[in-house]
Structure formats: structure tokens, C-alpha cells
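For reference, the structure discussed in these notes is given below.
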Amino acid sequence: MGMAKLARWNPWREMLDMRDEFDRMLDIFRPDFHLWEGYTKVPAVDIYEDEDNVFVKAELPGLNKEDISLTIEGDTLVLSGRKSQTKEEKKENYYRKEIREGAFSRTIDIPCPVDKEKVSATYKDGILEVVLPKTPEVKRKTIKVDVK
């Protein structure tokens, strides 16, 4: 049987989930309605682990790697950046403008202690992959116990 993992409680998670559900509801009934015009959504992420590492994969389409910033503050990974429009266009002729631009920031709780000096990241085809090596004391160990 595996061990349960504890994650630090984020009091804003429920509010963000509720906002996402509200956005989805508005998209169904009136797709051209944007409650927060100019608001840039945070990137979608996958967070998973193996025995040695924690992995964070984020969708960041349309960004250059120079526009992406990663920092670790305590036990949190902060992913931020800015998506800029490549050319100026007249907005009054738009029928719909859904491609977002502007700054974003996403705070990700790191589920266990990691070696901050060995964190690495790659960015290819709009996907950022971050590898956070676990500290040695966190890695699982199998101990054989002789029962007498």
C-alpha cells in the first residue's frame, strides 16, 4: 500500500476552480462574452513524479523562451511570462478576439523537498518541462526486514 502525500493547502484554489467553471458556463451560453476583458489566463500544467524527480509540464504556446521566467521561492515554483502581439492591429475591426496577450504568473506548490541547485527546464514546441530532483532524504527506500 502506498503512502498518502500531503500537499500544502492553497486557500485560493477553490476560488480559481470556481472562476474556471464560471468561464466554461459563460462560453456555453454566450461564447463572445468575456467577464474579465484583458485578463490573461494562467497556463495549464501537469505535475507528476517518479522515484527521483518531480516534473512540471506547462503549455505556453506562442511564447519565446526569453519571455518565460522560472523562480523557486521556498517550496513554491513561480512560472511567469509575457505574451506579446507580434504586430499592431486595429481592434475595432475584430469580430472576435480570443488570442490572449499580456503578462501571466502561476504559482505551483512543490509537493516535497527538492534540490534547488539541480533544477532544469526545457522549452520546445510551446511546452515547458521542468525537472525538480528530489533531495536524497525524500527518495523512497526499500528496507528488507528479517522477521524471526
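Going by our numbering, the sequence shown runs without a break in its numbering and finishes at 240.
Ideal Cβ positions, reconstructed from N, Cα and C, are used throughout, including at glycine.
On a predicted model such as this, the values are computed, not experimentally measured, just so you know.
Do the region 102 to 120 and the region 159 to 177 meet, that is, are 3 or more Cβ pairs less than 8 Å apart?
no
Whose C-beta lies closer than 6 Å to the C-beta of residue 140 among residues of the same chain, with five residues either side of it excluded?
If the five residues before and after residue 140 are omitted, its C-beta is found closer than 6 Å to the C-beta atoms of 147, all from its own chain and listed in chain order.
Residue 169 beta carbon less than 8 Å from that of residue 160
no
Helix, strand or coil at residue 155 according to DSSP, with G and I counted as helix
coil
Around the Cβ of residue 128, are there at least 16 other Cβ atoms within 10 angstroms (buried) or fewer (exposed)?
Low local confidence applies: a pLDDT of 44 at residue 128 is under 50, so the model's placement there is unreliable, with the coordinate-based value given in what follows. With fewer than 16 other Cβ atoms within 10 Å, it is exposed.
Spatial neighbours of residue 218 within its chain, please: CB distance less than 8 Å, with the 5 preceding and 5 following residues excluded, ordered by chain position.
151, 152, 153, 154 and 155
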